[in-house]
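Trainee: In terms of my numbering, the sequence shown has 33 at position 40, counting the first letter as 1, and numbering is strictly consecutive.
Quick reminder that beta carbons are idealized off the backbone N, C-alpha and C, glycines included.
From a predicted model like this one, the values you see are computed outputs, not experimental measurements.
Sending over a structure as structure tokens; questions will come in a sec.
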Amino acid sequence: MMSLLVTLAADILVAILLVATIVSSVRLSRRIVKLKADETALRQTIGDLVMASSTAERAIAGLRATLDECDRTLADRLGTAERYAADLSAHVEAGESVIARISAIVSQAAPGRAVSRTMTQAPASPAPERRAAPALVDPAIVVPQFRPQSTSAGSGSSSPAAAVSPNGERLGVAAAAALAMSERALGRLRSKAA
């Protein structure tokens, strides 16, 4: 009887251990299935990361090419702007020298006559969002203004006779025309530079 109890206890113990083994193997099987599903998702994520990194490398190469092209374009435009600035300053100097020569000719042709200084302004800027360009013409340009002089008669009474010489009028008109032409040339150069 004793051996029957021992055998029965041993069988019950083996059955309990067998049930515990089956339960643990089922749990392990479920975990393995989850790990395999996670492994598939992980492989897909790694593939997506590889594709995204290759796309990013191509985008970086494109950005570098665009940046190089922008640098070249900017350098070309800066060179063009420097050339226009040099041309503009040369034209301004030439205009100032022409105006100085014309005013010298006018002052030599009509000595003793009143010569007034007038302020000249640069033309208004074409676009409202840009700042006004500084005046490139000398603000104190001599522009002759000829006035008729009265001559006195023999009896002491004065008569208003016009004594303006034709050469003085021509030189005044020439000075005004040269000033207008230089302002138009400056306006064209500014519009080209813009």
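Whole angstroms are fine: how far does the CA of Ile5 sit from the CA of Glu32?
Mentor: If you take the alpha carbons of Glu32 and Ile5, they lie about 40 Å apart.
Trainee: If I'm right that Leu81 touches Ala186 with Cβ under 8 Å, what's the distance once you round it to whole angstroms?
Mentor: 7 Å
Trainee: Take the Cβ of Leu172 as the centre, count every other Cβ of all protein chains shown within 10 Å, and call the residue buried at 16 or more, exposed below.
Mentor: buried
Trainee: Is the beta carbon of Ile95 less than 8 Å from the beta carbon of Ser175?
Mentor: For Ile95 and Ser175, no; Cβs fall outside 8 Å.
Trainee: Quick one: is Val99 buried, meaning 16 or more other Cβ sit within 10 Å of its Cβ, or exposed?
Mentor: buried
Trainee: Give the C-beta separation of His84 and Leu164 to the nearest angstrom, bearing in mind that I take them to be a contact with Cβ-Cβ under 8 Å.
Mentor: Not a contact, Cβ separation roughly 23 Å.
Trainee: According to the neighbour-count rule (16 or more other Cβ atoms, all chains shown, within 10 Å of its Cβ), is Arg23 buried or exposed?
Mentor: By the 10 Å Cβ count, Arg23 comes out exposed.
Trainee: Quick one: using the 10 Å Cβ neighbour count with 16 as the cut-off for buried, is Gly88 buried or exposed?
Mentor: buried
Trainee: In angstroms with no decimal places, state the Cα-to-Cα distance between Ala65 and Ala52.
Mentor: Here residue 65 is Arg; the residue named in the question, Ala, does not match the sequence. When only Cα atoms are considered, Arg65 and Ala52 end up about 20 Å apart.
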